[in-house]
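These notes concern the structure reproduced below.
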Amino acid sequence: MSRGERALLLRLALIPTLAHGTSCDPCGASASYTETIDTSGTHHKRTIVSNGCPNHYNLCTGKSGAAGCGAIGEEGNASQARKITYHMDIPAYPVLATENDARPECEKETIAMSLNGVPIYSGAVGPSDCDILDLDDANAKWTSFDFCGGHARCFGGEGGGKGGGKGGGKGGGKGGGKGGECKGDYHYHFPPSCLETQIGNLTDGHSPQIGWSLDGFPIYGRLGPGGVTMEHTAQGCTGTFCLDDCSGFEMEIPRRTSQEIPGLDEFKYRYYFNGPLSDLVSLPTNPKPSASDYPFAMKCYRGFSLIAAVAIAASAVAILAATVVAILLLL
């Protein structure tokens, strides 16, 4: 299967069922999230269903002129987040692919789902193909992120980017909206500070799991085994615990060993969200990630989507059947 075919199948797998509804409760009371595992078929799947509402504070900020929103650094009196039904099937037992899928870096829709049902987006925010969030621009979109690290997207009120630099370069639209139609898809680009604080670190200081990548691997906060800050090899990290280009780490860290980390996972690979947690008070979110924390969430996928895995298996069966027929014809 070619890289293009894998990318297409992964895109098909990531399309949520969208049903736009009423506004979310600004204090988190309307959140809904469930996940179930189905092992009845050949390819076991984890099904995630949520209404997209955060389970925490989400009053609108950083959008002067938009109804119910405060200006940059000011709290509004309403939430722009709307109920949106997400229904996603991901691998229950993910498999590492032979090559990375680079699509998440420039994707402007869901690349992962947090454990409170809020989608996780990449660092791409501008109108061009891959305009990356500009962390140095005092009017860029990050100024509309509340102290939990999220915001809701609106049409017509957020301006264009400055040219798409990566890792804090000149990309990303302006934050001060002038009204317009709100899609209302509340999401995270930065670490979900309120969610991670609610869950709490593990006993050894390791960050909690905060979500699932749509290739089926878990996502954690920025702290790894023993509480070490997970950093990228490309940014000079040395030693045992360094992140790869996708912002993940490959190692089995089982739950039941002599060096147990209770409640971690039984996967061979996991992603880590980069950047500090906020102080849970300041608007916009502060402290915020730095350019060295890019890509914030994941830059690429290391695993297969559920649809891709099914397609690969079907292709293998077809090839095997064709081979058997060819052999029989030669007899």
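For the sequence shown, the positions run -24 to -1, 1 to 307 when mature numbering (1 follows the signal peptide of the UniProt record, and there is no 0) is used. For glycine and all other residues, C-beta sits at the position ideal for the given N, C-alpha and C. As the structure is a computational prediction, the values presented were derived from the model and not from experiment.
Query: Whole-angstrom distance between Gly200 and Phe217, CA atom to CA atom; Result: 7 angstroms
Query: Secondary structure of Cys29, DSSP reduced to three states; Result: coil
Query: Straight-line gap, Ala88 to Cys222 (C-alpha atoms, nearest Å); Result: 13 angstroms
Query: DSSP three-state assignment for Ile66, whether helix, strand or coil; Result: strand
Query: According to DSSP, residues forming a beta bridge with Asp14; Result: Lys21
Query: Identity of the residue in Asn76, Tyr196 and Leu72 nearest Pro252 by Cα; Result: Tyr196
Query: Exposure of Glu172, with buried meaning 16 or more beta-carbon neighbours within 10 Å; Result: buried
Query: Minimum C-alpha distance to Asp1 - residue among Gly181, Glu207 and Gly28; Result: Gly28
Query: For Leu178, the first and last residue of its enclosing beta strand (DSSP E); Result: Where Leu178 is concerned, there is no enclosing beta strand (DSSP E), given that its DSSP letter is neither H nor E.
Query: For Cys36 and Ala7, believed in contact at Cβ under 8 angstroms, the rounded distance; Result: Not a contact, Cβ separation roughly 17 angstroms.
Query: Backbone secondary structure at Pro218 - three-state DSSP; Result: Rather than Pro, the amino acid found at residue 218 in this sequence is Cys. Correct three-state label for Cys218: strand.
Query: Residues near Cys45 by beta carbon distance below 6 angstroms, same chain, minus five either side; Result: Cys36, Lys39 and Gly52
Query: Own chain residues within Cβ distance below 6 angstroms of Ala68, not counting five before or after; Result: Ile13, His20, Lys21 and Arg22
Query: Beta bridge counterpart(s) of His208 as assigned by DSSP; Result: Leu219
Query: Rounded C-alpha distance that separates Glu242 from Ala47; Result: 45 angstroms
Query: Limits of the unbroken beta strand (DSSP E) element including Ser8; Result: Taken as a continuous stretch (DSSP letters only), Ser8 belongs to no beta strand (DSSP E), as it is neither H nor E.
Query: Anticipated Cβ contact below 8 angstroms, Asn92 with Pro30, distance rounded; Result: 6 angstroms
Query: Inter-residue spacing [alpha-carbon to alpha-carbon] between Gly203 and Leu219; Result: 15 angstroms
Query: Between the CA atoms of Leu178 and Asp110 - distance to the nearest angstrom; Result: 32 angstroms
Query: The beta strand (DSSP E) enclosing Leu72, as first and last residue numbers; Result: Leu72 to Asp77
Query: CB of Ile96 within 7 angstroms of CB of Gly187, strictly; Result: yes
Query: Endpoints, beta strand (DSSP E) assigned at Lys59; Result: Arg58 to Ile60
Query: Cα-Cα separation between Phe193 and Arg246, rounded to whole angstroms; Result: 6 angstroms
Query: Nearest residue (CA-CA) to Glu85, options Pro167, Thr10 and Leu190; Result: Leu190
Query: DSSP-derived helix/strand/coil call for Pro271; Result: coil
Query: Unbroken beta strand (DSSP E) run spanning Trp188, endpoints; Result: Gln185 to Ser189
Query: Residue burial classification, Thr261 (beta-carbon count within 10 angstroms, cutoff 16); Result: buried
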